[in-house]
Every structure is written in C-alpha cells, then in structure tokens.
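K.L.:
Please read through the structure below; I'll follow up with questions.
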Amino acid sequence: MRVLRWVFQIAVVGAVVGLLLVLIGNVRSNSSELGIPTGYDYLDNPAGFPIADSDFNQRQPVRDAIRIGVINTLRVSLIGIVLATVLGTLIGLARLSQNWLLRNAARVYVEVIRNIPLLLIVIFAYAGIALVLFPRITEPWEPLGIAIISNRGVVVPWHDASGWGIVAVGAVAGVVAWLVARLRRRHADRTGTPARSGLWGGVAFAVVAAAGWLLVGADVTLPELAGRGTTGGIRMSPEFFAILFALVVYTASHIAEIVRGSIQAVPRGQAEAASALALSGFQRSWFVVLPQAFRIAVPPLGNQYLNLTKNSTLGSAVSYFELAQVTSISVANGAPAVPSYLLTLLIFLAISLVLSLVVNVVNRRLALVER
Amino acid sequence: MPRISRNWLTLFAASALLFSACTSDDDDGSAADTAAAGDTAAPADTAPAGEEGGGAAGETLAAVQEADVVRCGTRDDLPGFATVDANGDHVGFDADFCRVIAAAVLGDATKVEFVDVATEDRFTALQSGEIDVLVRNTTWTATRDGTEGVTFLQPTFYDGQGMMVAADSGITDLAGLEGGVVCVAAGTTTEGNVATEFERLGLQVPEIQSFDDVNLLQQAFQEGRCDGWSSDRSQLTGLRSNYPDGPDALVILEGTFSKEPLAPGVRDGDSQWAQAVEWAVFATIQAEEFGITSENVDQEQESDNPSIRGFLGSEVEGDEGAAVLDPGLGLPTDFAFQVISQVGNYGEIYEEHITPLGLDRGTNALWTDGGLLYAPPYR
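If you're matching them up, the sequences are chains A and B in order.
Going by the working numbering, 289 is the number at position 277 of the first sequence; the sequence numbering is gapless.
Going by the working numbering, 48 is the number at position 50 of the second sequence; the sequence numbering is gapless.
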C-alpha cells in the first residue's frame, strides 16, 4: 500500500513537470517560428516610451523601466499599508465604540466600501475626485501658501534631498531611539516605575532627527508655480493619489473588520479581570486587551497587506506606472510578451514572499510560548 | 470601463502561444493534409514544427477560406477609422479595409469578424492567431517589423504626428508647452516621438502622461490634466470632430513631427496570405487610378482597355478562347471586381470616412496627383 502511494505521488509530480516542459517547449518553438525572441536580451533594448512622474526617458533600457515599475509598486504598497492600517484600526475601534453615531457610521463605511469592486473605487478616485474636485493648475489652491494643490498633483515642501545625508540622520536617530527605549525598560525593570519606552523613544528620535537635519543643512524647497506646472517641493501625481486613495480606503474596510473581530475574540474574562484589578479604561485596553488582540490580528492582517500589494496592479487603470503597467506598455513597445509577463510574475512572487516572511517572523515572535 | 480587462487580454493571448500546439495535435490528420496541399500549391519548405504555429506558408489563406470569414483586428473608438454605429456595425476607414480583404479573398465583403483589440495587445493578438490581419492604424516601424512577429504591407494611410491644444490655452507652438503636460495614448509610437521632437527643437521636454484608454485621456484633457494632446494628425482630427465641447474648443498646431505610415499587418512567415492581403489593398488604389468606382464597375467590365478588363477578371480579348488573367495570388480572378463593387476604390473609401473629418488627401493622393499611393501593375 505504502509503495503504491509513493508510485502515485511520483507519477503526479512527473506528469506536472512533463506538462510544464511541453508548454515551455511550445512557447519556444511557436515564438521562434514567428520570429519573436524568447530570451531576456530585450531588457537592454531602448524602452521606447517615457514614464510620467520619473526621470525615465525613452532611450533608457527596458531594464530601467522595470526597475521604476518595481519602485512605484513598492512605493504605493508600503505607504498604502501604513495608511490602511491606521485608518482601518481607527474604524475598527469606532465599530466598538459606545457612541451610537460613531459606531454606526463605521459600520456603514465598512459595509459599503467592502462591497464595491476595487476597480470602481480606483476609477472613481481618479475620474471623480483627483481630476474633478481638485482645481485646474491655472487656479490652484495654495493652503497657507506652502502647498500647491491642483489636478496636476499635490505639491508640498520637502527636504532638498540630494544624497544620503538625510538617510544617515534617520538611521542615527533610529538607533538612538532604540537605545533610549531599551534603557527605559531596564530602568523600569529595576525600579518598577512605568517604562513609557515608546514616548521616550519617540522624543529621542524627534530630537536627534531635528538636530541632525539642521546639521546637514535643513534645506527645504518650497513649491512654486512655474508656467503650466510647479517647481520645488515634492509632488504627488493625481494618478498616484487615485490608486493610493482607493487601496487605502478599500483595504481599511477589511482591516477594520479584522481589528474588531480580534478585539472581540479576546476572552471577556481578561477585561473583567483587569477591571477587578482596578485598572483604568485606558490601561485595560492598552495593557490587557489590545496586546492579545494584536496577536490574533497579525495573520489576517498579513493577508490584507499581500492583497493590497497585489491590488496595486489596478494602478494601470489610471495610468499609474506600477510594475504591471510598465510590463504591459513595454510589451506594446516590442518586448516579447511571454518572457515579460513571466518576469513580472516572478517579481510579484518575490515581493509577496518577502512580505509574508516578515509577517511570519512577527507572528512567531508574538505567538504565545507554549510548553 | 471595459478596457482594463482587455489590458490583461495580452496574458490570455500569450497563453495561446502555450497551448496552440496542443490544440493542433488533436487534428493531426487534417494538419498533415493541409501541409501536403501546401506542398503542391507553393514550394513550401515547411518544417514539421512549422505547421503548428499558424504562421506557416499558405496556412492562413487556407484557414480563412475554410472558416469562410476573415478575422480582422480593429477597434471601436476612433472616429473616421473604426467606430461602432447604433446597429453594432463597425464603420470607418480601417473597417472598410477589413471588408476589402474579405471581398477579395472570400468574394463577400460582409464575411468579416471584427475583433476589437487594445493598442498594447494588438501584436500579441496577431502572433497568437486570434486575428488573421491587423488593420488598426498601426505605424510601420523597424522595431515592430523586427521583433513583433508582424509583416507590414502596403500602407493604407500616410500619417504624421501632430499636437492638439485647447483653443483658449493661448498656446500657438510647441515652445508654449514647455513646463506643461502632454497626454498621449499608451503603447503607441506617439509616446516616444513627443520627447524626441522637443529635444530636436532644443526645448525642455514636457511631462508626458500616457493613458491606456482614449476616453479617460479625453476626460483628463477636458479637466485640464494636460495642456497638449499628441497623436497622429488623422486621429487628432477625428477626436476633435467628436469632442464634447465642440471641435472649435480645440486647435491642432501647425507642423507634423514624425512619419507614421499606417499599414495592415499579417503574421511573419506566410507570404501567400501577405500577398493576398496586399493585393486587396493595391486593388483599391489601382481602381482609382483606372477611374473605376463602385458606380461604374459593371460597365468597366466591358471596357475597351485590356488592362482594365484583365484587372477586373473579365475575359481579355485577343487571347484565343478569351482567357482570364490569373496572376496566381491565390485569389479569385475577379477579386478586384468584388472589392470595387462591394466596397469601392481608395478614393471612395477616403471620401466616405476621412473627408468628413476635414482632412484632405495630401500625401494620400494617387502618385499621378502628386501623392504617395502607387500600386504595382496588375499583369
């Protein structure tokens, strides 16, 4: 019986591998017959198309275009993950609020947004918000005189980052903050006073970062109107705004449900015990309920982060040049379709695997140690 | 917005490359038969693997005749060239050339299956055998000839790129667009041309924003997302004539900054099919040169001019037994008659679809009128 099972499994693996080989062979022979290159030499050909919102010009190789696509995918995904987590957590907490209006407003938000196809939200965010609600460049909003908002982008002041100085400052500030937090925790362990390591660490980060920033020059460029565009500052294009807005709004509705569910999954006895120990409402949530809820929430949150990253491909609907759009346009400009899409699939696979690795590590560190 | 799903059509079309050999394995017998027939019809050096990809010599013509329909890759959103009317029929210059090909090959201009393909999917659709011929304002370039697996034929339209701006913008030349934004259709030769032209003129290259969907581009332009809208002049003219705020809200700037020969394309490696399609196009040009129109084609069959009689597939006097000229293109001998009587000559097609846009013949006039249209002799 055991042998039979082995034979069967080997046969299945063999059949799958054989099928793959046949398919790869088909692609190669069909492509070469049509004169379509099957290798990856095309990566060094000139791309033939420019990419908006970047320095990329059409004479640079396809390789560089793909790199910009990856950067744009990561940019919208990482910023989206942070914002969606914040918004989702707030809405999730609002779902559990004692306040009737807040609770039901959050509920309506979740039920409406989560039941709309994401593509529609993306297109609405672009054609219905970014293009229409924002004014034309000829009559922009200039709140406080420091930002310029129009449907050609939102431009805000930015550090005139010309090098690694600002990165180094950030790294130093991060290390100092970590050391301070550690010292506070040690101190707390010795004396029994509250550690408040987050607060101390945050303050330390802010102080060191501000000092370092002044040290490296503190150059800020202010946005200015220049003809039909703007110069200076940092610009968020309407296309980026649309896909980011849609991803955040949509994913937050799912994260809100995860947060609500995780909090409700913490056994009631925990909160009751905390109350019995005369902890205040805040202390009960912050020290007892939320840490346990967080542990429950991590795996499903990780799924949402993966979804958000993969959903960023919908940026192509509004001409945001993330990886899938770059691939699609480079195929239209002469890159062979099969190798191009294969490469894109592999890059997305790599991004997703790294992301789930991070989630798994966090999950393992948070998991209850059971003996 | 159905376009986004079509964006991914490339993937499905690409997967056709994966599976095409599998499907032809199913009818081994008939594939072998066709190859044998091809051997007698033309000295085809068909490799055994060759018959499977849909690109082998003689395969497409036989397949089209077998299916009794020409699958023509086109579009549904470009006024003058190819749009869909209230009855769901494709109308326009490109659509009529699809009909020309059907009339020539199958003797019936209605035997066309119009397949709307997105700009970025068009070559993949051709490569994978989803369409037999691509007539979708496609510019003939060296790179496309070399890497897209497509053979371009006699151009149906000699175009060039231009720039369109809003009439109230105050922009009168390309220099006025410095520091601005130019919107273009994604996946076209237009994208790279804009930057090249600004560099050539020594101007600061504007931001170039490309859109997959021409309707979204139009909306973005209307809302002021961009200052300039660049495309082939014929396209700009068509889009301008259908602009929601009226054609007068837009101005097409003087100057053409690229050569855009729009040509039908077929898969590489099937010269018989390529010749058939190419001569269908030549027939419309030759007919105009002869002065044959859809109105007078019946009388012209009895013409005193032996060249015209030969062209229309009538019996040529003088030959014993009144022979009919068959140049061996694999087309019926009366294909030109079918094309002219059912669709019309080049001038008629142009006047029906392009003239209303406000474009005169220009470079698209016959060579006898100083244009570029020139068909090789039919003899």
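Even glycine gets a Cβ: it sits at the ideal position worked out from N, Cα and C.
Is the beta carbon of SER5(A) less than 9 Å from the beta carbon of ALA305(A)?
P.N.:
With chain A covering 13 to 383 only, the question about residue 5(A) has no answer from this structure.
K.L.:
Would you please verify whether the beta carbon of ALA42(B) is less than 9 Å from any beta carbon of chain A?
P.N.:
Its pLDDT being 37, under 50, ALA42(B) is placed unreliably in this model, and the value from its coordinates should be taken loosely. False, the Cβ-Cβ gap to chain A never drops below 9 Å.
K.L.:
In whole angstroms, what separates the C-alpha of GLY48(B) from that of ASP268(B)?
P.N.:
In this prediction, GLY48(B) scores a pLDDT of 36, lower than 50, which makes its location untrustworthy; no coordinate-derived value is stated.
K.L.:
Do you know offhand how far ALA290(A)'s Cα is from GLN337(A)'s?
P.N.:
Whole-angstrom Cα-Cα distance: 57 Å.
K.L.:
By Cβ distance below 7 Å, which residues in the same chain neighbour GLU189(B) in space, the five residues on each side in sequence not counted?
P.N.:
Within the same chain, GLU189(B) has close Cβ partners VAL182, ILE206 and SER208.
K.L.:
Count the other CB atoms within 10 Å of the CB of ILE22(A); is the residue buried (16 or more) or exposed (fewer)?
P.N.:
So ILE22(A) counts as exposed.
K.L.:
Please work out which residues of its chain come closer than 7 Å, Cβ to Cβ, to ALA77(A), disregarding the five sequence neighbours upstream and downstream, and give them in chain order.
P.N.:
Excluding sequence neighbours, ALA77(A) sits near ALA59, ILE63, PHE68, VAL338 and SER342.
K.L.:
Find the residues of chain A that neighbour PHE209(B), judging by a C-beta separation of less than 8 Å, and give them in chain order.
P.N.:
In chain order: SER331.
K.L.:
Please list, in chain order, the chain B residues whose beta carbon lies closer than 8 Å to that of VAL144(A).
P.N.:
Chain B residues near VAL144(A): GLU221.
K.L.:
Beta strand (DSSP E) containing GLU189(B): first to last residue?
P.N.:
Counting along the chain, GLU189(B) falls outside any beta strand (DSSP E), though it belongs to the alpha helix (DSSP H) covering 188 to 198.
K.L.:
Could you check what DSSP says for CYS96(B) in three-state terms: helix, strand or coil?
P.N.:
Helix at CYS96(B).
K.L.:
Who are the near neighbours of LEU327(B) in its chain, counting only those whose CB is closer than 7 Å to its CB and skipping five residues on each side?
P.N.:
Within the same chain, LEU327(B) has close Cβ partners GLN273, ALA274 and TRP277.
K.L.:
Tell me where the beta strand (DSSP E) around PRO259(B) begins and ends.
P.N.:
Here the beta strand (DSSP E) through PRO259(B) covers 258 to 260.
K.L.:
DSSP on ASP24(B), reduced to helix/strand/coil?
P.N.:
The predicted position of ASP24(B) is uncertain, since its pLDDT is 40 and thus under 50; no value can be drawn from it.
K.L.:
So, at 6 Å on beta carbons, what are the nonlocal neighbours of ALA102(B) in its own chain, with the 5 sequence-adjacent residues on each side left out?
P.N.:
Correct list, in chain order: ALA278, LEU329, PHE333 and VAL337.
K.L.:
Express the C-alpha separation of ALA106(A) and ARG377(A) in angstroms, rounding to a whole number.
P.N.:
When rounded, the distance between both Cα atoms is 28 Å.
K.L.:
In three-state DSSP terms, what is PRO138(B)?
P.N.:
In the sequence as displayed, the identity of residue 138(B) is Trp instead of Pro. The answer is coil: DSSP assigns TRP138(B) none of H, G, I, E or B.
K.L.:
What are the boundary residues of the beta strand (DSSP E) that ARG265(B) is part of?
P.N.:
Per DSSP, ARG265(B) belongs to the beta strand (DSSP E) from 263 to 265.
K.L.:
When you compare the segment 146 to 164 of chain B with the segment 23 to 33 of chain A, are there three or more beta-carbon pairs, one atom per stretch, that lie closer than 8 Å?
P.N.:
The segment 146 to 164 of chain B vs the segment 23 to 33 of chain A: no contact.
K.L.:
Assign PRO351(A) to buried or exposed, taking buried as 16 or more other Cβ atoms, counted over all protein chains shown, within 10 Å of its Cβ.
P.N.:
PRO351(A) comes out buried.
K.L.:
Once you ignore the five residues that flank LEU108(A) on each side, which residues in its own chain have a CB closer than 7 Å to its CB?
P.N.:
Closer than 7 Å at the Cβ level, and outside the excluded window around LEU108(A), lie ARG272 and ILE275.
K.L.:
Of all the options TRP18(A), TYR121(A) and GLY210(A), which has the alpha carbon lying nearest to the alpha carbon of TRP298(A)?
P.N.:
Closest option to TRP298(A), Cα to Cα, is GLY210(A).
K.L.:
Near ALA283(A), what residues of its chain come up, given a Cβ to Cβ distance below 8 Å and the 5 sequence neighbours on each side ignored?
P.N.:
Within the same chain, ALA283(A) has close Cβ partners ARG296, VAL300 and VAL301.
K.L.:
Between ASN345(A), SER364(A) and ASN372(A), which has its C-alpha nearest LEU55(A)'s C-alpha?
P.N.:
That would be ASN345(A), whose Cα lies nearest to the Cα of LEU55(A).
K.L.:
Identify whether ILE135(A) lies in helix, strand or coil by the three-state DSSP scheme.
P.N.:
ILE135(A): helix per DSSP, three-state reduction.
K.L.:
Taking just the CA atoms, how far does ARG97(B) sit from GLN63(B)?
P.N.:
Roughly 15 Å separates the two Cα atoms.
K.L.:
Let me know the secondary structure DSSP gives ASP130(B) once reduced to three states.
P.N.:
Residue state, collapsed to three classes: coil.
K.L.:
Using the rule of at least 16 other Cβ atoms within 10 Å of the residue's Cβ for burial, across every protein chain shown, is PRO348(A) buried or exposed?
P.N.:
So PRO348(A) ends up on the buried side.
K.L.:
Please state whether DSSP places GLU151(A) in a helix, a strand or coil.
P.N.:
Note: GLU151(A) maps to coil in three-state DSSP.
K.L.:
Nearest by alpha-carbon distance to LEU130(A): which of ASN323(A), THR356(A) and LEU357(A) is it?
P.N.:
Here the closest residue by C-alpha is ASN323(A).
K.L.:
Does DSSP classify PRO325(B) as helix, strand or coil?
P.N.:
Looking at PRO325(B) - three-state DSSP - the assignment turns out to be coil, as it is neither helix nor strand.
K.L.:
In terms of residue numbering, what span does the beta strand (DSSP E) encompassing VAL115(B) cover?
P.N.:
Looking at the DSSP string, VAL115(B) is not in any beta strand (DSSP E), and its letter there is neither H nor E.
K.L.:
Can you tell me whether ASP230(B) is helix, strand or coil according to DSSP?
P.N.:
In this structure, ASP230(B) counts as strand in the three-state DSSP scheme.
K.L.:
Could you give the first and the last residue of the continuous alpha helix (DSSP H) run that contains ARG14(A)?
P.N.:
Run containing ARG14(A): 14 to 45, per the alpha helix (DSSP H) assignment.
K.L.:
I'd like to know whether the C-beta of GLU284(A) is nearer than 9 Å to at least one C-beta of chain B.
P.N.:
No, GLU284(A) lies away from the interface with chain B (no Cβ there is under 9 Å from its Cβ).
K.L.:
Less than 8 Å between the CB atoms is what I'm expecting for ALA61(B) and GLN340(B), so what's the real figure, rounded?
P.N.:
Between GLN340(B) and ALA61(B) the Cβ distance is about 22 Å, and since that is not below 8 Å, they are no contact.
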